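First up is the structure itself, then whatever we jot down about it.
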Amino acid sequence: MPNSPAAPALWHRLLGVLRCPVCDGPLGPPPGVPAPGPTLRGVTSLRCAGGHSYDVARQGYLGLLTGNVNVANADSADMVGARSRFLEGGHYAPLADALAAAVAGLCPPDGTVLDAGAGTGYYLAAVLDALPGAVGLGLDLSKFALRRAAGVHPRAGTATWDIWKPLPVVSGAADVVINVFAPRNGPEFRRVLRPDGALVVVTPTARHLAGLPAGLGMLSVDAAKEDRLRRTLSGHFRQEGADLVEREIALTGESVRDLILMGPSAHHLAAEEVHRSVASLDSPLTVTVSFVVSVHRPS
Ligand SMILES: C[S@@+](CC[C@H](N)C(=O)[O-])C[C@H]1O[C@@H](n2cnc3c(N)ncnc32)[C@H](O)[C@@H]1O
Ligand SMILES: [Zn+2]
């Protein structure tokens, strides 16, 4: 992000947002190590006063998940590679723009944005570009995703975490929580948001990926998804608005392959199978991409 000013106080600010996942105490550098500034460079671990310690990965993300971690739902290295290539192609830029515009209208310019299920940090970076003094914290289960997300923006920090567990975040610390195609923990999103904060969720509609031949083995978008979103958040949030972002895009065979391999279908399809079916496609292929960006307020 060449135009983004660096945030000397990024980790100073994030240490005010993060909490020890075990005892809820504040985190800081080990004794004798200077407090982290713009990055975690030079800091090999963060710990609480109770002695719980969390390693900083070489790539610069914080490993808050320790012990036996169930990563069955985490994106694999291959999925993350496919997602990165696909997003770099700019195919979802209209969605990133719409999300960034929505968040810019909801968050103070120097606020704090939590991205729950940040993946490679593509959307968090777009949101921070629209908020010149804001900082972001991206959480994800996949270390492969975080290896890329760690350097995605000078005002973003990242940590491993499982969204289904209590979040390692101070109550009321976030101005906006964003959640893009990732699991949603309604009660925890509510707890970490300021009472006047907002949750912004991106979900695909039933028309998403219309135009992709059925033979490719993609999982279809569940038509009940919107209902499920409402149910998982009801009792904690009320929906304030929703915008449809829908485009027709032209995809090469390589992009179609990455689109398939970056999503949930990758869990049940062999890569060679996808390569074979994509090779027989007429390219470029016109595909509909269709998303809803919805805004939810704590209730
Ligand atoms: C479809 S990807 C979306 C990533 C990113 N938001 C994007 O759109 O580019 C879903 C992400 O959720 C993460 N994930 C799945 N289950 C999770 C959990 N329980 N806690 C945290 N992250 C999770 C995956 O590792 C993956 O990065
Ligand atoms: Zn602790």
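The sequence shown begins at 158 in my numbering and counts up by one.
Beta carbons: idealized from backbone N, C-alpha and C, even for Gly.
Everything numeric in this text was worked out from a predicted model, so none of it was measured.
T201 - DSSP class collapsed to helix/strand/coil: Within the sequence shown, residue 201 is the residue found at index 44, counting from 1. Of the three classes helix, strand and coil, the one that applies to T201 here is coil, per DSSP.
beta-carbon V457 near ligand 2 non-hydrogen atom, thresh 7 Å: The chain is shown only over 158 to 456; residue 457 falls outside these bounds and no answer can be derived.
Within 8 Å, strictly: CB atoms of V337 and V349: Counting from 1 along the sequence shown, the entry for residue 337 is found at position 180. Counting from 1 along the sequence shown, the entry for residue 349 is found at position 192. Not a contact, by the Cβ cut-off of 8 Å.
DSSP state of F338 mapped onto helix, strand, coil: By 1-based counting over the sequence shown, the position of residue 338 is 181. Coil, per DSSP.
Nearest-angstrom Cα separation, counted from Q216 out to G410: In the sequence shown, residue 410 corresponds to position 253, counting from 1. In the sequence shown, residue 216 corresponds to position 59, counting from 1. So the alpha carbons of these two residues sit roughly 32 Å apart.
Cβ contact (3+ pairs, closer than 8 Å) linking the region 167-180 and the region 298-318: Counting C-beta pairs closer than 8 Å gives three or more between the region 167-180 and the region 298-318, which meets the contact rule.
Neighbourhood of G173 by C-beta distance below 6 Å, restricted to the same chain and skipping five residues each side: Start at 1 with the first residue of the sequence shown, and residue 173 comes out as number 16. Cβ neighbours of G173 beyond the five flanking positions: none.
CA-to-CA distance, V284 to L256, given in whole angstroms: Start at 1 with the first residue of the sequence shown, and residue 256 comes out as number 99. Start at 1 with the first residue of the sequence shown, and residue 284 comes out as number 127. Spanning the two alpha carbons is a distance of roughly 7 Å.
Which of helix, strand or coil DSSP assigns to D181: By one-based count along the sequence shown, residue 181 stands at place 24. When DSSP states are grouped into helix, strand and coil, D181 belongs to the coil group.
For L252, the nearest candidate out of L288, V431, D400 (CA to CA): On the sequence shown, residue 252 is found 95 positions in, with the first residue counted as 1. Here the closest residue by C-alpha is D400.
Straight-line gap, P159 to E245 (C-alpha atoms, nearest Å): The residue given as residue 159 occupies position 2 in the sequence shown. The residue given as residue 245 occupies position 88 in the sequence shown. In this predicted model, P159 has a pLDDT of only 43, less than 50, meaning its place in the structure is not dependable enough to derive any value.
Which of helix, strand or coil DSSP assigns to H248: As a working mapping, residue 248 is identified with position 91 in the sequence shown. Three-state result, H248: coil.
Simplified DSSP state of H453, which is helix, strand or coil: As a working mapping, residue 453 is identified with position 296 in the sequence shown. Judged by DSSP in its simplified three-state form, H453 adopts strand.
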